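Asks:
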Amino acid sequence: MRITTLRLRQISQSAGWIFAAAIIVLFCTFIISLQANAATYKTFGGGNSVIGKLVKSDGTAVSANARINVNPDGPCSPGNCGGGADVQVDGSFTVTEGIGNGQYRVEVNIWGDELNNQAAPDPVKITLSGGQVDIGTIKLVTPNISGTVKDPNGNGILINYDAQQNINVEIRSKDYTINKWINTSQDGSFKTYLGKGEYVAIAHPNGMSFTDGELAVIVTDPTASQNITVNLTNPAIVGQVKKPDGSALSLSNGQWINVNLYNQDRTVQKYSGTDPDGNFKLPGIPNGTYTIEVQPQGLNKYTSKKETITYSGTQLSVAINLSSPQVKGKIYKTEADAMASNNQALVGNAGVNIHNQDWTQQSWTQSDSEGNYAVGGLPDGHYTMEVNVPWGTTGLISNSFEVDLTADAQTKNLYFSVATKKITGKVLKKDGTSVAGASVNANREGGAGYANAQTGSDGSYTLEVGGGAWNVNVWPNNAPGMPAADWIPEGFGQRAEFKNDASTETATVNFSVVSATATVSGKILKADGTPITNANVDVRNDKGQGNNSQVKPSGEFVVKVAAGSYRVSVWSPDQGLTFPEMNITITDGETKDVGTLTAKTKEARITGRVIKKGTTEGIPGVRVNANLDRAPGWSNTTTDATGNFELAVTKGMWHINIDQGSNTSYVYSGPPIDVSVETETSRTALGKDIELIYADVVIKGKIVDEAGKVIPNFCSWAFARPVSTGNMGWGPEYGGPVN
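With UniProt numbering as the guide, the letters of the sequence shown map in order to residues 1 to 739.
Right under this line is the structure:
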């Protein structure tokens with residue numbers, strides 16, 4: 001930030017920062033949280049291996065063509081993202097890899113003619129907390145669903161195995177808690193078992209000219225048999241991924257390209273892979289505008305690319321050229337290894353995530369077997385790079401780095417932090433009851449590392465971290481399909497501090513959480529009555545206390561809170577929508593249905609351009625915020641490659657400001673920007689460009705209590721202004737949210 005002599009002051013003294021307060025609430029509220037309810041799980045006192053036996057519906061052992069998978073029920077930490085094992089000739093199985101403390105689903109996958117009249121039961125849900133678990137006998141069931149996959153015209157198909165053709169049928173529940181995969185027979189037939197509920201059946205053809213077909217399936221009586229037919233589709237989009245110069249690809253073993261298509265609010269998402277020549281096809285989609293993202297894997301010469309396409313009902317042909325790397329390098333175990341270029345310490349299969357401050361621009365890649373990585377296809381600007389340890393890695397933890405991307409390629413080697421320290425503790429309710437499946441997260445002050453873990457059945461957890469100070473907090477599990485947690489965090493979290501060296505240290509951090517017995521429920525819909533599937537509902541009081549939950553695919557939501565008065569609000573990444581808010585009062589044990597919250601489309605627009613002061617050069621990647629005067633309403637966007645921006649708004653007076661957080665390279669020092677939008681469909685342009693100046697000074701500090709102790713996770717906003725402007729009058733203010 002560019003400053004003269006300045007001082008900090010409280011946010012309440014400046015009405016101009018009201019919008020900042022709203023951003024703080026969003027910043028602190030919509031942290032990815034994890035939601036859990038141990039009552040729906042079988043809980044065991046052990047859990048780094050799972051054993052059992054698989055039998056047919058008549059009780060005889062399954063001797064072959066079956067696999068047991070143990071998958072996490074929600075987000076996972078490295079090394080705990082699930083594993084599997086084939087069933088032995090006596091029906092026994094042992095799963096040992098990829099499972100740690102936390103909540104898991106034990107799922108069965110079967111195939112082959114011998115098991116043609118058998119079906120996998122619903123998943124067994126378990127909570128693991130160390131040791132070996134014997135879950136007993138899993139019995140296959142008699143199928144109640146008989147299905148057939150046909151071509152787009154409803155005709156039968158014949159799979160050519162010699163041509164490497166096959167069809168997999170994926171059947172998942174609408175809340176994503178059940179997911180089954182079945183291989184069809186050569187004629188496209190398949191059988192399975194489904195319990196009562198609503199499902200989506202998706203047929204995935206491989207090596208064929210057709211694309212995926214979908215069918216909604218409703219089971220009201222699991223004892224009754226049901227016949228279903230899933231028709232494949234003709235491709236809506238066919239395309240080819242090419243090299244950056246437009247020449248053809250030739251992929252070898254270990255190289256592939258993922259193709260992802262999605263609309264703005266991700267209510268439509270399709271996936272595909274390419275053949276060795278880069279050809280791909282995508283199934284039918286509604287008319288509209290979409291993003292296609294291609295992501296090469298095992299191919300570090302080239303990097304991801306995004307293209308915007310418009311589909312209008314007829315087959316569309318597209319060609320997408322991959323990007324050249326903007327930053328590339330090698331991934332080493334430790335900083336010492338990187339400094340010494342120790343090729344014996346290179347790390348393969350390490351995930352690299354790169355994003356700007358507000359995550360509006362991001363990309364992900366993975367290092368190859370020799371530790372090489374490459375990232376590209378992003379607008380110029382300042383980014384954070386996070387390198388994540390591969391599954392099963394111990395002694396190392398994730399690390400983060402800052403980088404400025406330009407059109408010129410640069411080399412940056414990455415490395416992990418060494419985990420010589422441990423944070424242990426328990427999460428308990430006020431009455432001493434253990435909280436299982438809670439997510440405990442630790443972030444190193446300064447942003448150079450993070451760690452997370454789920455609590456076991458006794459509420460205990462262990463985090464491996466490096467030296468320095470760590471802010472530790474606990475959140476419920478809000479993963480899709482998870483039940484609403486019956487507890488909420490209390491306070492701002494806690495802090496653990498270690499020596500900044502390689503010595504071994506352990507800190508104990510226990511959490512006491514508040515029981516949440518009141519239930520707020522409702523539904524989020526678009527104006528046309530269709531559900532909004534990508535939104536978060538927040539129920540919070542004026543002190544910032546409360547809870548939030550992701551909506552279900554049906555648009556329904558359930559949020560658990562303690563008794564009190566709250567404001568119900570909705571956040572969605574779709575900036576073209578605005579949602580009603582409401583105040584409620586609820587008592588312990590009460591269930592309050594707030595009804596349907598219908599989104600309104602923001603059809604008005606505010607347009608403008610951000611430039612470097614004294615020039616006509618646009619600045620890309622600048623976050624522009626807007627808040628509605630004297631009423632709830634906000635919008636934000638990011639400037640494009642030429643500095644232009646467009647904000648989706650409604651009728652009224654809007655205050656425009658530039659996001660000036662900790663990673664901002666340019667700041668605003670001009671007068672307030674107010675824009676009057678006259679109608680609900682107005683398109684209003686700013687009268688002049690917004691000029692920013694380069695921020696060449698950084699102020700760092702910490703928030704402490706009266707005893708001088710650092711307060712972790714203190715949701716607030718720190719900013720500074722020149723002393724000459726006074727305490728209450730208008731003047732430039734620079735700052736951002738407290739980490």
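Backbone N, C-alpha and C define an ideal beta-carbon position, used for all residues, glycine too.
Predicted model only: the values in this text are computed from it and were never measured.
Out of 255, 253, 310, 323, which has the shortest C-alpha to C-alpha gap to residue 247?
Replies: Cα-wise, what sits closest to residue 247 is 323.
Asks: My parser needs the beta strand (DSSP E) runs of 3 or more residues fully inside the segment 84-164; what are they?
Replies: Listed in chain order, they are 92-95, 102-110, 124-128, 132-139, 145-150.
Asks: Leaving out five residues before and five after residue 490 in sequence, what residues of the same chain have Cβ atoms less than 7 Å from its Cβ?
Replies: Taken in chain order, the residues that qualify are 512, 513, 514.
Asks: Between 403, 140, 146, which lies nearest to residue 224 when the distance is taken from Cα to Cα?
Replies: Residue 224 has its Cα closest to that of 146, out of 403, 140, 146.
Asks: For a quick check, are the C-beta atoms of residue 132 and residue 48 less than 9 Å apart?
Replies: Yes, Cβ-Cβ distance for residue 132 and residue 48 is below 9 Å.
Asks: Does the Cβ-Cβ distance between residue 149 and residue 120 come in under 9 Å?
Replies: Against a cut-off of 9 Å, the Cβ pair of residue 120 and residue 149 comes out as no contact.
Asks: How big is the Cα-Cα spacing for residue 692 and residue 625?
Replies: Distance between the alpha carbons of residue 692 and residue 625: 15 Å.
Asks: Buried or exposed, going by whether 16 or more other CB atoms sit within 10 Å of the CB of residue 720?
Replies: Its Cβ being crowded by 16 or more others within 10 Å, residue 720 is buried.
Asks: Counting along the chain, where does the beta strand (DSSP E) carrying residue 404 start and finish?
Replies: Note, residue 404: beta strand (DSSP E), 399-405.
Asks: Are the CB atoms of residue 506 and residue 421 within a distance shorter than 9 Å?
Replies: Result yes, Cβ atoms of residue 421 and residue 506 sit closer than 9 Å.
Asks: Tell me the rounded alpha-carbon separation between residue 239 and residue 671.
Replies: Cα-Cα distance, rounded: 49 Å.
Asks: Would you mind working out which of 191, 154, 54 sits nearest residue 124, comparing C-alpha positions?
Replies: The candidate whose alpha carbon is nearest that of residue 124 is 54.
Asks: Following the continuous alpha helix (DSSP H) through residue 337, name the residue where it begins and the one where it ends.
Replies: Looking at the DSSP string, the run of the alpha helix (DSSP H) that includes residue 337 is 335-339.
Asks: Nearest to residue 551 by alpha carbon, out of 58, 532, 564, 110?
Replies: Ranking the options by Cα distance to residue 551, first place goes to 532.
Asks: Give a yes or no on whether the C-beta atoms belonging to residue 403 and residue 373 are separated by under 9 Å.
Replies: Not in contact: residue 403 and residue 373 (Cβ atoms no closer than 9 Å).
Asks: Could you give the DSSP three-state label for residue 319: helix, strand or coil?
Replies: Here residue 319 sits in strand by DSSP.
Asks: For residue 262 versus residue 291, is the C-beta distance shorter than 9 Å?
Replies: A contact, by the Cβ cut-off of 9 Å.
Asks: DSSP state of residue 485, grouped into three classes?
Replies: Note: residue 485 maps to coil in three-state DSSP.
Asks: Is residue 236 closer than 9 Å to residue 161 when the C-beta atoms are compared?
Replies: In this structure, residue 236 does not lie closer than 9 Å to residue 161 by Cβ.
Asks: Taking its Cβ as the centre, do 16 or more other Cβ atoms sit within 10 Å of residue 158, making it buried, or is it exposed?
Replies: So residue 158 counts as exposed.
Asks: Using the three-state DSSP reduction, which class does residue 22 fall into: helix, strand or coil?
Replies: Here the model assigns residue 22 a pLDDT of 44, short of 50, so the residue's position is not dependable and the matter cannot be decided.
Asks: What residue from 520, 574, 208, 293 has the CA that sits closest to residue 275's CA?
Replies: Measuring from the Cα of residue 275, the nearest candidate turns out to be 208.
Asks: According to DSSP, is residue 42 helix, strand or coil?
Replies: Unreliable positioning characterises residue 42 in this predicted model, as indicated by a pLDDT of 39, which lies under 50. A coordinate reading is not provided.
Asks: By DSSP's criteria, residue 498 is part of a beta bridge. Which residues make up the other side?
Replies: BP columns for residue 498 point to 468.
Asks: At a cut-off of 8 Å, is residue 548 close to the ligand GDP when judged by its beta-carbon and the heavy atoms of the ligand?
Replies: For the ligand GDP, the structure offers nothing, since it holds no ligand at all.
Asks: So for residue 648, helix, strand or coil by DSSP?
Replies: Strand at residue 648.
Asks: Going by DSSP, what residue range makes up the beta strand (DSSP E) through residue 511?
Replies: Residues 511-515.
Asks: State yes or no: is the C-beta of residue 569 within less than 9 Å of the C-beta of residue 538?
Replies: Cβ atoms of residue 569 and residue 538: closer than 9 Å.
Asks: Near residue 585, which residues of its chain fall below 6 Å by C-beta distance, leaving aside the five closest residues on each side in sequence?
Replies: Cβ neighbours of residue 585 beyond the five flanking positions: 565.
Asks: Residue 84 to residue 386, Cα distance in whole Å?
Replies: If I take the Cα positions, the gap works out to 28 Å.
Asks: Starting from residue 561, trace the beta strand (DSSP E) in both directions and tell me its first and last residue.
Replies: Residue 561 -> beta strand (DSSP E) spans 556-561.
Asks: Name the residue from 411, 390, 409, 415 whose alpha carbon lies nearest to the alpha carbon of residue 400.
Replies: When each option's Cα is compared against that of residue 400, the closest is 415.
Asks: Using 8 Å as the threshold, is the segment 673-687 in touch with the segment 647-661, meaning 3 or more CB pairs across them?
Replies: Yes, since at least three Cβ pairs between the segment 673-687 and the segment 647-661 fall closer than 8 Å, the two stretches touch.
Asks: Would residue 632 be called buried (16 or more neighbouring beta carbons within 10 Å of its own) or exposed?
Replies: Exposed.
Asks: Starting from residue 280, follow the beta strand (DSSP E) in both directions and report where the run begins and ends.
Replies: It spans 279-282 - the beta strand (DSSP E) in which residue 280 sits, taken as one unbroken run.
Asks: Decide yes or no for the touch test of the segment 520-530 against the segment 494-506: beta carbon pairs closer than 8 Å, at least 3 of them.
Replies: Too few Cβ pairs lie closer than 8 Å, so no.
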